[in-house]
Structure formats: C-alpha cells, structure tokens
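See below for the structure under consideration.
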Amino acid sequence: MNEASDKPVAPAAPTDVDSAPAAAMPANKQGTDWWGEIKGIFWLVLAVLAFHSFVAKPFYIPSESMMPTLIKGDRLVVSKYPYGWSWVSPSFHVMPPMPGRVFGSVPERGDIVIVTPRGQKADYIKRVIGLPGDRLEMIDGQIILNGVPVQRQEEEPIMIPVDGNVPCLPDEFGDQRVAGPNGQIFCRLPRFRETLPNGKSYDTIDMGYSQVDDFAPIRIPAGQLFLMGDNRDKSADSRVASERQGLGGPVPIENIGGRAEFITFSLDGSSQYLNPISWFTALRGGRAGGSLHPQQTAPAE
0 MNEASDKPVA
10 PAAPTDVDSA
20 PAAAMPANKQ
30 GTDWWGEIKG
40 IFWLVLAVLA
50 FHSFVAKPFY
60 IPSESMMPTL
70 IKGDRLVVSK
80 YPYGWSWVSP
90 SFHVMPPMPG
100 RVFGSVPERG
110 DIVIVTPRGQ
120 KADYIKRVIG
130 LPGDRLEMID
140 GQIILNGVPV
150 QRQEEEPIMI
160 PVDGNVPCLP
170 DEFGDQRVAG
180 PNGQIFCRLP
190 RFRETLPNGK
200 SYDTIDMGYS
210 QVDDFAPIRI
220 PAGQLFLMGD
230 NRDKSADSRV
240 ASERQGLGGP
250 VPIENIGGRA
260 EFITFSLDGS
270 SQYLNPISWF
280 TALRGGRAGG
290 SLHPQQTAPA
300 E
C-alpha cells in the first residue's frame, strides 16, 4: 500500500480579481468655451441686424397720424429693399446723411413708407402723395395735384373701439365717443376715400378745418417726395414745419427707409410686462395680416 506523500501540497492560486479590465473612467469634463459662445452670439446679432437693415424689420405705430389705416398699437413689417438702400437703411442710423441710393427706385403714389426727417434719427411713417416734378397744393383739405383735384369721396364714419391706445379724448373738434349697440364705446370719425391719379385709393380722416388744410402751391424738387398722414388734422408731415416736429416740406428720397407691407398684430394698450397673460388678452382681433398696400382702381385719365 502506497504511503501518503509527505510532499507539501501547493495552495490553490488565489483569484486575480485585479486582472479584470478596469472600467473605463469618464473623461475629464471640459469647461465652457466662453469665447466660442461670445462669437456665436456676435454672429447671430450681426445676422439679425443685417436682415433688419437690408431685408425687413418690425415697426411700431406710436401715434394716431395714420388713422384709420394704422392705429396706435399696431405692429407691422417694413420691407427695406423695394426702393434700394441708403444711409437710413441700417436699423440704428449709424451712418451720416449722404445723397443717393444703391439700386434706388422712386416710390409709387399711395405707398406707405417710413422716413427719417432731416436732422433727426427717429423714423416717421407717412403716405407718398407727390412725386418729383409734381405741382402740389392744398385748399380747404382738398389736394390739387398738377392742377387737378384729387378724387375725394365722403363715406360712412369709421367706428374704432376705444381702448388704452385709442382713448379718443375730446379735443378741438369735440367729443367723438359714442356707445355701440352692446354698450361698447367707439371713436366715431368722419372718413373720406381718396384716389390718386395712378388709381391707388385709401381712407383718410378729416375732422374739419385746421391750419394744415391749406398749403401754398409748390413744385416738388427732383429727388424728393411729398408725404402726408392719413389723419389729415393730426399728422406732422410735409405740410408741417420742422420746428413743429414736421417733415418741413418735401423730403429727399434717400431719407426713405422702406415700405410698409402688412400688420403682424395689434395691442390695445392693456398689456403689462410682468403679466404674460396680458400679452394675449391685449391683442386686438381682426387686425393681424391686414395688407398696407393701397387698393388699385382704374387710373384717372
């Protein structure tokens, strides 16, 4: 019988748990590339400014000078390219006044345009009435263009709802506020349909005789336009001296910044910055999308 071996038995090799592949360690988290972020924001702002300066930009109606076509609180789009570009094209008017336009063209009678008055940086919005070379005068509210009275027809008064942006306060023409069938208060304003020689027609408001209803005959110089507001008694336009915040006569075409295209939305003046719900409740119904191009009828012979 074999004797048991006195040779020591080698112990079992321990399990090498450390020999398993180590789990992948997460890469070090990199910090924010602030310079890259700044460059991205810079190019974004530059692209927006370029679009506003050369293609189109939003515009806000701050006054009643273009009623009834536009009322205070309307937001609209102004296209920059229809007449070419000039020193007023950049959104912030950083360029000094200079003559001429790039790819320039003359606006049509009846177009609604934004204009920068001489010596100012603010933009006004008015309608083109007289073109270069026209002889224009106004007698008791009647425009006479090249010796021919502009067609003018009285229509039913326009009823504009009274709100924070259209308070319709009593003035030198009296109190125009009236109650509607449902008790809502409206601003009742006399309306006249005006049609220019090229057949473009639009509504105006004429409350009665005012000092701007008479304008001595002038010949509009080459390269200039005569502009007027649709609210004929409350518009600081080409009939009004620059000392009274008007345009001070015809304006150079290079001071035209663009053409009004359509209304995007309109606010009644009740919105509050800190109350987001009011941003929606302040919206006026029925004004969004309204075209600002005058209606075209058969041109006068």
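Here the sequence shown is numbered in numbering that gives the first Met the number 0, starting from 0 and rising by one per residue. Positions of the beta carbon are idealized from the N, C-alpha and C atoms, including for glycine. Since this is a predicted model, take the numbers as computed values, not measurements.
### Task
Report yes or no: do three or more beta-carbon pairs, one from the region 260–267 and one from the region 279–287, lie closer than 8 angstroms?
Result yes; three or more Cβ-Cβ pairs closer than 8 angstroms.
### Task
Going by CA-CA distance only, name the one from L69, M137, I157, S88 that's closest to S301.
Absent from the structure is residue 301, since the part of the chain shown begins at 0 and ends at 300.
### Given 8 angstroms, three or more beta-carbon pairs between the region 51–70 and the region 120–133
Contact check between the region 51–70 and the region 120–133: three or more CB pairs, one atom from each, fall below 8 angstroms, which counts as touching.
### Query
Whose C-alpha, out of M65, F50, F185, is nearest the C-alpha of D202?
Minimum Cα distance to D202 is reached at M65.
### Task
Determine the extent of the beta strand (DSSP E) in which L135 is found, giving its start and end residues.
Per DSSP, L135 belongs to the beta strand (DSSP E) from 134–138.
### Task
Measure the C-alpha to C-alpha separation of K56 and P116 and round it to an integer number of angstroms.
Rounded to the nearest whole angstrom, the CA to CA distance from K56 to P116 is 19 angstroms.
### Message
Do R192 and Q141 count as a contact pair if the criterion is CB distance below 7 angstroms?
### Response
Taking a C-beta distance under 7 angstroms as the contact criterion, Q141 and R192 do not qualify as a contact pair.
### Task
Go ahead and pull the three-state DSSP assignment for S265.
Strand at S265.
### Query
Going by DSSP, which residues form a beta bridge with D73?
D73 has S265 as its beta-bridge partners, per DSSP.
### Query
Where DSSP assigns a beta bridge to A55, which residues make up the other side?
For A55, which the question treats as bridged, DSSP gives the partners S78.
### Message
Contact between the region 175–186 and the region 157–166 is defined here as three or more beta-carbon pairs at a separation below 8 angstroms; is this criterion met?
### Response
Yes: the two stretches touch, three or more of their Cβ pairs being nearer than 8 angstroms.
### Message
Below 6 angstroms, is the gap between the Cβ of E155 and the nearest heavy atom of the ligand ADP?
### Response
Ligands displayed in this structure: none; no statement on the ligand ADP is therefore possible.
### P67 classed as buried or exposed, judged by whether at least 16 other C-beta atoms fall within 10 angstroms
Note on P67: 16 or more other CB atoms within 10 angstroms of its CB, so buried under the neighbour-count rule.
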